[in-house]
Amino acid sequence: MKIEVLKSKIHRVKVTGANVNYIGSISIDEALMDASNIVVGEKVQVLSLTNGERLETYVIKGKKDSGDISINGPAAKKINKNDEVIIVSYALIDFNQAKGFNPTIIFPKKGNSI
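Structure, rendered in structure tokens:
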């Protein structure tokens with residue numbers, strides 16, 4: 000049996016941009032992606048600490064060490080620039096493997112830096 004478990008979490012980052020006219024996605028600073036074990040195209044949930052909104056989208060790579068967290072497309076109607084968010088992803092793994100699995104969780108500093 001397989002179950003879905005937390006794989007990666009970027010805890011409390013500030014949204015630096017929101018572009019409703021972009022085709023979709025969330026761009027994440029490449030350094031944050033590397034540190035949190037999140038890859039391009041991966042489905043993520045974005046959880047707003049500002050307004051309680053929860054949404055799903057996919058990841059595109061932002062400029063490394065830029066602090067970029069940009070919400071694109073329709074999601075920009077729900078999460079705005081300067082909102083504080085948590086970004087999470089999940090993995091489907093074997094139940095027995097899940098018992099010993101440890102997710103990657105990072106706590107970026109001010110400016111969305113590592």
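Following numbering that gives the first Met the number 0 from start to finish, the sequence shown increments by one per residue and tops out at 113. Glycine residues also receive a C-beta, built at the ideal position from the N, C-alpha and C atoms. Just so we're clear, the structure is a prediction, and the values are computed from it rather than from any experiment.
Alpha carbon to alpha carbon, what distance is there between residue j and residue i?
i	j	result
Ile25	Asp67	10 Å
Gly110	Val84	13 Å
Pro102	Tyr21	31 Å
Ile86	Leu5	11 Å
Ile59	Asn95	32 Å
Ala34	Ala17	23 Å
Ile106	Lys13	In the sequence on display, residue 106 carries Phe and not Ile. Distance between the alpha carbons of Phe106 and Lys13: 12 Å.
Glu3	Asp93	9 Å
Leu46	Leu54	7 Å
Ile27	Asn36	12 Å
Opposite residue i in the DSSP bridges: which residues?
i	result
Val12	Val84
Asn71	Asn18
Val4	Ala90
Along the chain, where does the beta strand (DSSP E) containing residue i start, and where does it finish?
i	result
Asp64	Counting along the chain, Asp64 falls outside any beta strand (DSSP E), and DSSP gives it neither H nor E.
Leu46	Lys42 to Ser47
Ile105	Thr103 to Ile105
For residue i, which of helix, strand or coil comes out of DSSP?
i	result
Leu31	helix
Lys77	coil
Glu52	coil
Lys108	strand
The alpha helix (DSSP H) that contains residue i, what's its start and end?
i	result
Asn20	No alpha helix (DSSP H) holds Asn20; DSSP gives it neither H nor E.
Asn95	Phe94 to Ala97
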